[in-house]
Amino acid sequence: MKIIVTHEQADFDAVASVLGAWLLDESWVPLLPKRMNRNVFSFLNDFKNDLPFQTVDKVRDETIQAVLMVDTQTMNNLPGMTTETEISVIDHHQPRLNLDENWKCVFDHTGACTTILVERICASGRSIDPIFAVLLLMGIYEDTGNLSYGSTIARDLQAAAWLLERGADLNLITRYLNQPLSASQQILSERLLQNCEKLRLMGQEVVIATADARDISDEFSTVAHYLRDMLSPDAIFILVGTHSGVRVISRATNDRIDVGQIMSRFSGGGHSRAAAGLVLIEKDCDLMVRMQQIREELLAMLPNFITPPLTVEQIMSTRPLLLDNRMDLREVSELMKRYGYEGYPVVDADKKVVGLLNRRSVERALDFGITPQIDMIMEAGDYSVTIGDSVEYLKELMNISNWGQIPVINPEDGQVIGIVTRTDVIKTLTGRSSIPGNRNYAQMLNQTLPPGYLRLIRMVADAAASCRYPVYVVGGFVRDLILGHPVMDFDIVVEGDAIHLARDPDLNVWRRRTHACPLRYCKVADTGYPRENFSGY
369 MKIIVTHEQA DFDAVASVLG AWLLDESWVP LLPKRMNRNV FSFLNDFKND
419 LPFQTVDKVR DETIQAVLMV DTQTMNNLPG MTTETEISVI DHHQPRLNLD
469 ENWKCVFDHT GACTTILVER ICASGRSIDP IFAVLLLMGI YEDTGNLSYG
519 STIARDLQAA AWLLERGADL NLITRYLNQP LSASQQILSE RLLQNCEKLR
569 LMGQEVVIAT ADARDISDEF STVAHYLRDM LSPDAIFILV GTHSGVRVIS
619 RATNDRIDVG QIMSRFSGGG HSRAAAGLVL IEKDCDLMVR MQQIREELLA
669 MLPNFITPPL TVEQIMSTRP LLLDNRMDLR EVSELMKRYG YEGYPVVDAD
719 KKVVGLLNRR SVERALDFGI TPQIDMIMEA GDYSVTIGDS VEYLKELMNI
769 SNWGQIPVIN PEDGQVIGIV TRTDVIKTLT GRSSIPGNRN YAQMLNQTLP
819 PGYLRLIRMV ADAAASCRYP VYVVGGFVRD LILGHPVMDF DIVVEGDAIH
869 LARDPDLNVW RRRTHACPLR YCKVADTGYP RENFSGY
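What follows is the structure in structure tokens.
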């Protein structure tokens, strides 16, 4: 006999994975664990005549040739197993240390283990009954938080869509995934709330609650979900005393706290956002005392598993363009056309922030044919952040001020040293871009360009510095340099009198010696106002 098993206290993902493996090969026997979550048990009881599951009692006298474990890597001894029994694993968790080298293991980083099996069913071309599709979809939904957890990937959504096309009923799924607490679970939740503590650790709100549950036989994970939704922390840990030991159940609402790694320290495991563990205790040990010890152990290790908060310094741009509040509006308009940014910090004569001027306000004023002073149309205020402030604080400040760009100041003298925009925050929080910052390509230039060309660039830079002209290498050369295959033809843009710079004696000597010039000097229009009125990137 060949059997399919999963872990105890099974959730929908575990049971759905058993079903998915059976659908791939019906010669295997899909076994239910002895203990399951209440909502899983309710579903299986209502649809027991439509599902293929069996219990361990049905195969007690059989010899087991092979075992397939799904959504788990913990092998429980079963009657009928021998030393010749082949063991395989299909799981989406991180592989445990010291797995038996004879096991045949498949690990895949999907949001739900069910997804791996659904993909194989889809590839096989097999059709499935709607009730099977419902259970499989509940497995994906439960382990991905209805496809909202950070661990969810595109494959989970594609598997869910395939199941919906096969008749999975979302109304039926909602009924079983969101069942109310039972009477005993309500009692336990009240005990936990009475012994609940909120902590602030490295910018994260963590809730730790403890309770004696030796008189409660119901499952606890639903209570953890209930308290997480009620209290809305970044992470919650509930410690409940049972006859077998202290059960620790954890849930996280973001990816900065990996509760799966934490629970591995308590003889458990799970996902980065949902995990559990069990600490066994000796018979003569005081349960409540041991629970308090575990709580202290948890508090001590938590900082090691919390990702430090992202700071303003990691996402800001340096040397922002600043506007003097005495500048003429038409000059400001020309400046905005040149640089294209949406918002510009406005500073006074002491270089202190006094407001923010956006492009729309300037364009609206000019469209009406008026040229008021900057301080009449800017958004007045001195909102700012420092490099050590967290991105979470930055988000709150943007919401309060309604500024899309926040200056970064030096706290010692109040001078503006950088800027962060709403786009920077959105890209960083969604993980769609690497953390921005200044990049130094000097080493890449040194490795790529011939010595003569490097010497020319340095001469241009020195000549521009003597004239106090900002100068830039631009165009396709920069793109090709980043890609690793630059061509020896580059453009240099000068903010100022490019002709005057091109006539620099040192540059003319270089050209006469080499009889070549790879530069195409580009004249940039004069700004029309004193350079001390603004600073550029």
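Each step along the sequence shown adds one to the number in my numbering, with nothing skipped, and position 103 is 471. Idealized CB from N, CA, C, for every residue including glycine.
For residue i, the three-state DSSP class (helix, strand or coil)
i: Ser519; result: coil
i: Gln422; result: strand
i: Gly844; result: helix
i: Glu558; result: helix
i: Cys835; result: helix
i: Arg615; result: strand
i: Arg800; result: Residue placement at Arg800 is flagged as unreliable, the pLDDT there being 49, under the threshold of 50; the coordinate-derived value follows with that caveat. DSSP places Arg800 in coil when its eight states are reduced to three.
i: Lys402; result: coil
i: Phe415; result: coil
i: Glu394; result: coil
i: Leu569; result: strand
i: Ile738; result: coil
i: Glu747; result: strand
i: Leu465; result: coil
i: Ser585; result: coil
i: Ser758; result: strand
i: Ala870; result: helix
i: Gly620; result: The sequence given here places Ala at residue 620; Gly does not occur at that position. Of the three classes helix, strand and coil, the one that applies to Ala620 here is strand, per DSSP.
i: Leu820; result: Note that residue 820 is Gly in the sequence shown, not Leu. DSSP places Gly820 in helix when its eight states are reduced to three.
Under 8 Å between C-beta atoms of residue i and residue j
i: Ile576; j: Glu565; result: yes
i: Thr512; j: Ala536; result: no
i: Thr483; j: Asp524; result: yes
i: Gly723; j: Met746; result: yes
i: Gly388; j: Leu485; result: yes
i: Leu504; j: Leu538; result: no
i: Tyr837; j: Leu817; result: no
Same chain, Cβ closer than 7 Å to residue i, neighbours up to 5 away in sequence not counted
i: Ser802; result: Confidence at Ser802 is low in this model, with a pLDDT of 47, below 50, so the placement of that residue should be treated as unreliable; the coordinate-derived value is given next. So the list is empty, once near-sequence residues are dropped.
i: Ile617; result: Phe588, Ser589, Ala592, Ile606 and Ala644
i: Tyr707; result: Leu689
i: Lys763; result: Val793
i: Tyr544; result: Asn407, Ser410, Phe411 and Met506
i: Ala884; result: Caution applies to Ala884, whose pLDDT of 44 falls short of 50 and renders its modelled position unreliable; the value that the coordinates give is listed next. Correct list: empty, nothing qualifies.
Range of the contiguous beta strand (DSSP E) that encloses residue i
i: Val906; result: The structure shown has nothing for residue 906, since the chain only spans 369 to 905.
i: Ile455; result: Glu454 to Asp459
i: Gln783; result: Segment: none, Gln783 is in no beta strand (DSSP E) and carries neither H nor E.
i: Ile606; result: Ala603 to Gly609
i: Val438; result: Ala434 to Val438
i: Leu646; result: Ala642 to Leu648
i: Val753; result: Careful: Val753 lies outside any beta strand (DSSP E) and carries neither H nor E.
i: Gln773; result: Gln773 to Ile777
i: Asp859; result: Phe858 to Val862
Opening and closing residue of the alpha helix (DSSP H) in which residue i lies
i: Ile541; result: Leu538 to Leu545
i: Asp511; result: Pro498 to Asp511
i: Ile630; result: Val627 to Met631
i: Val427; result: Looking at the DSSP string, Val427 is not in any alpha helix (DSSP H), and its letter there is neither H nor E.
i: Ala492; result: According to the sequence shown, residue 492 is Ser rather than Ala. Segment Cys481 to Ser492, the alpha helix (DSSP H) holding Ser492.
Nonlocal neighbours in the same chain, by C-beta distance under 8 Å from residue i, ignoring five residues either side
i: Tyr709; result: Leu689, Arg727 and Gln773
i: Pro740; result: Leu697 and Ala733
i: Gln660; result: Thr578
i: Thr431; result: Met369, Gly448 and Thr450
Neighbourhood of residue i by C-beta, 6 Å cutoff - its chain only, sequence neighbours within 5 removed
i: Ala620; result: Ala603, Val627 and Arg641
i: Ile785; result: Val776 and Asn778
i: Cys473; result: Val457
i: Met684; result: Val776, Gly786 and Val788
i: Leu391; result: Ile489
i: Met404; result: Ala378
i: Leu560; result: Ala577, Ala579 and Ile606
i: Asn514; result: none
i: Pro398; result: Ile372, Val386, Trp390, Pro420 and Phe421
i: Gly805; result: Its pLDDT being 46, under 50, Gly805 is placed unreliably in this model, and the value from its coordinates should be taken loosely. Hits under 6 Å: none found.
Interface flag, residue i vs chain D, CB-CB below 8 Å
i: Ala579; result: Absence of chain D from the displayed structure is noted, only one protein chain being present.
**Item:** Any alpha helix (DSSP H) of 4 or more consecutive residues that is wholly inside the region 652-733
**Value:** 655-669, 680-683 and 697-707
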